[in-house]
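Each step along the sequence shown adds one to the number in full-length UniProt numbering, with nothing skipped, and position 29 is 29. So the structure is just underneath, and the comments pick up after that.
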Amino acid sequence: PGVIDDQVHFREPGLTQKATIETESKAAIAGGITSFIEMPNTNPQTTTIEKLEEKFAIAAKTSSANYSFMFGGTNDNLNEILKLDANQAAGLKLFLGSSTGNMLVDDPEVLKNIFKNTNLRISVHCEDETTIKNNLQAHIEKYGDDIPISQHPIIRSEEACYLSSSKAIELAKETGA
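Structure follows, in structure tokens:
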């Protein structure tokens, strides 16, 4: 028996100077992880079916572990999301608060459409963008550009997580997702 790690960042393609599917899958196995699911915030991002297929092709040649990949949602790739079959990806990763790259999904109509029409499992990075921006602005006013790292959990606060999680739950209930 082995463990499934459902949120890895192996950085391939694009940042292979940091890690590759080959090296990280070997490291995972050494630690008892036999299966992994990689997140879509690589460079380039996994937000098109073409990029998803490229990752699967790399893993087929180089991975020592079982694998799958999350597909990334954006405000602009709804058509790609709706083309995907549930067997083509481990699921759909949605960032409701800005995190990395251009993966923020904050358009209410896009979100509703995704929740209502996709057959993919949805995994949500829950942080309320407005709350984060307001908290960040208050900290910039207090500290300037040198905000102490200790303020990170205050900027990306419990309230930001709660508000965003509540929104995701409400969307799921409203759309039957």
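By construction, the Cβ of each residue, glycine as well, lies at the ideal position given by its N, Cα and C atoms.
Do you know offhand how far Tyr67's Cα is from Asn119's?
Stepping through the sequence shown from its first residue, residue 67 is reached at position 67. Stepping through the sequence shown from its first residue, residue 119 is reached at position 119. Computed Cα separation, rounded: 20 Å.
Quick one: what does DSSP say Thr74 is sitting in, helix, strand or coil?
Start at 1 with the first residue of the sequence shown, and residue 74 comes out as number 74. If DSSP states are grouped into helix, strand and coil, Thr74 belongs with coil.
Below 8 Å on the Cβ atoms is my guess for Thr47 versus Pro13; work out the distance and round it to an integer in Å.
Translated into the one-based positions of the sequence shown, residue 47 becomes position 47. Translated into the one-based positions of the sequence shown, residue 13 becomes position 13. That pair is no contact at about 13 Å.
In terms of residue numbering, what span does the beta strand (DSSP E) encompassing Gln7 cover?
Mapped onto the sequence shown, residue 7 falls at position 7. Its beta strand (DSSP E) spans residues Val3 to Val8.
Which class does Leu94 belong to by DSSP, given the choice of helix, strand or coil?
By one-based count along the sequence shown, residue 94 stands at place 94. In the three-state reduction of the DSSP assignment, Leu94 falls in the strand class, which pools E and B.
Buried or exposed: Glu24, going by 16 or more other Cβ atoms within 10 Å of its Cβ?
Along the sequence shown, one-based indexing puts residue 24 at 24. So Glu24 counts as buried.
Sufficient close CB pairs (3 or more, under 8 Å) joining the region 87 to 96 to the region 140 to 148
No, the region 87 to 96 is not in contact with the region 140 to 148.
Under the three-state reduction of DSSP, which class applies to Ser123: helix, strand or coil?
Looking up residue 123 in the sequence shown gives position 123. Collapsing the DSSP output to three states places Ser123 in a strand.
Quick one: any contact between the region 105 to 125 and the region 145 to 163, if contact means 3 or more CB pairs under 8 Å?
No, the region 105 to 125 is not in contact with the region 145 to 163.
Please classify Ile33: does DSSP put it in a helix, a strand, or coil?
As a working mapping, residue 33 is identified with position 33 in the sequence shown. Note: Ile33 maps to strand in three-state DSSP.
Identity of the residue in His125, Gly2 and Ser166 nearest Met39 by Cα:
Translated into the one-based positions of the sequence shown, residue 39 becomes position 39. The option with the nearest alpha carbon to Met39 is His125.
Between which two residues does the alpha helix (DSSP H) harbouring Val105 extend?
Translated into positions along the sequence shown, residue 105 becomes position 105. Element bounds for Val105: n/a, residue is neither H nor E.
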